[in-house]
Amino acid sequence: MATYQAHETAVIDPGCTIGEGTRIWHFSHLMTGCVVGKDCNIGQNVVISPEVVLGNGVKVQNNVSIYTGVICEDDVFLGPSCVFTNILNPRSAVPRKDQYYRTLVQRGATIGANATILCGIKIGAYAMIGAGAVVTKEVPPYALWVGNPARPAGWVSAYGHRLQFDESGRATCPESGEIYLLEVGNVTRITQ
Ligand SMILES: CC(C)(COP(=O)(O)OP(=O)(O)OC[C@H]1O[C@@H](n2cnc3c(N)ncnc32)[C@H](O)[C@@H]1OP(=O)(O)O)[C@@H](O)C(=O)NCCC(=O)NCCS
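Going by our numbering, the sequence shown opens with residue 107, and the numbers climb by one from there.
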């Protein structure tokens with residue numbers, strides 16, 4: 107017996123793996139061979155293509171297509187109508203199904219509404235991509251990037267707050283109290 111819930115209008119092809127506690131809403135389509143973890147929320151009109159892997163606790167807002175080649179780790183948030191890609195130079199008349207790039211969204215990262223992620227890119231853990239951004243290169247962990255093309259606009263905590271670093275390179279998340287360290291262009295969380 108299924109331990110996930112799916113609205114009656116959702117289409118779940120044979121051969122999908124779906125974790126316990128996951129909810130799938132109206133008109134969404136999960137394709138053969140995709141893997142969706144536990145306690146995920148798959149919104150309305152979402153497509154999850156073959157071989158896509160979503161970790162546990164992933165939230166996918168309405169109108170997101172997650173193409174083959176995309177991997178989202180635990181607790182990733184995909185904002186409404188954000189766009190993934192899996193081919194860099196598509197041509198209708200030239201088959202490129204063997205050229206799908208891999209896009210990795212690491213644990214806890216957020217993709218803002220309507221943002222576009224070009225393929226072959228890594229979005230680091232807990233990074234935040236602003237609404238409408240077009241991401242063309244790797245984003246480091248805890249980085250906030252906005253715009254088209256997306257550029258660094260600061261750093262955020264695992265709770266999603268901007269981090270203000272002092273002269274020693276330390277910042278405290280105002281919600282969790284966790285401390286972060288900025289060193290040679292990289293942020294790490296030093297308490298949890
Ligand atoms: C990027 C984001 C996190 C920044 O939030 P913030 O720290 O409160 O930023 P502010 O509103 O103080 O804006 C700071 C500056 O960044 C700009 N900015 C904010 N969001 C931006 C975005 N998405 N793209 C480009 N510029 C943006 C502002 O215009 C402002 O510029 P200015 O200093 O020249 O006036 C937020 O704006 C955002 O896009 N969140 C995603 C929301 C979303 O998609 N949710 C989906 C679930 S519903």
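Every residue, glycine too, gets a C-beta built ideally from N, C-alpha and C.
Given the structure is predicted, the values throughout are model-derived calculations rather than measurements.
What whole-angstrom Cβ distance do residue i and residue j have, given they're in contact under 8 Å?
i       : j       : result
Val-262 : Tyr-232 : 7 Å
Ala-219 : Pro-255 : Going by Cβ atoms, the distance from Ala-219 to Pro-255 rounds to 18 Å, so no, they are not a contact pair.
Ile-217 : Leu-184 : 5 Å
Gly-143 : Leu-160 : 6 Å
Glu-281 : Thr-297 : Going by Cβ atoms, the distance from Glu-281 to Thr-297 rounds to 14 Å, so no, they are not a contact pair.
So, for residue i: in the same chain, excluding its five sequence neighbours on each side, which residues have a beta-carbon less than 8 Å away from its beta-carbon?
i       : result
Lys-203 : none
Ala-259 : Gly-236, Leu-250, Trp-251, Val-252, Gly-253
Thr-242 : Leu-224, Ile-227, Pro-255, Ala-256
Pro-120 : Thr-138
Here's a check: name, in chain order, each residue in its chain whose Cβ is nearer than 6 Å to the Cβ of residue i, leaving out the five neighbours to either side.
i       : result
Thr-191 : Leu-224, Cys-225
Thr-222 : Val-189, Val-240
Ser-171 : Val-153
Cys-279 : Ser-263, Tyr-265, His-267
Gln-212 : Glu-179, Gly-230, Ala-231
Thr-294 : Leu-287
Per the DSSP calculation, residue i is bridged to which residue(s)?
i       : result
Tyr-265 : According to DSSP, which records beta bridges pairwise, Tyr-265 is partnered with nothing at all.
Ile-227 : None; Ile-227 has no bridge partner.
Ser-171 : Val-153, Val-189
Asn-220 : The partner list for Asn-220 (beta bridge, DSSP) is empty, contrary to what the question assumes.
Gly-260 : Leu-250
Trp-178 : Residue 178 is actually Cys in this sequence, not Trp. Leu-160, Val-211.
Spatial neighbours of residue i within its chain, please: C-beta separation below 7 Å, excluding the five flanking residues on both sides.
i       : result
Asn-292 : Pro-246
**OP:** Tell me, please, whether the stretch 116 to 133 touches the stretch 149 to 159 by the rule of three or more beta-carbon pairs shorter than 8 Å.
**Re:** yes
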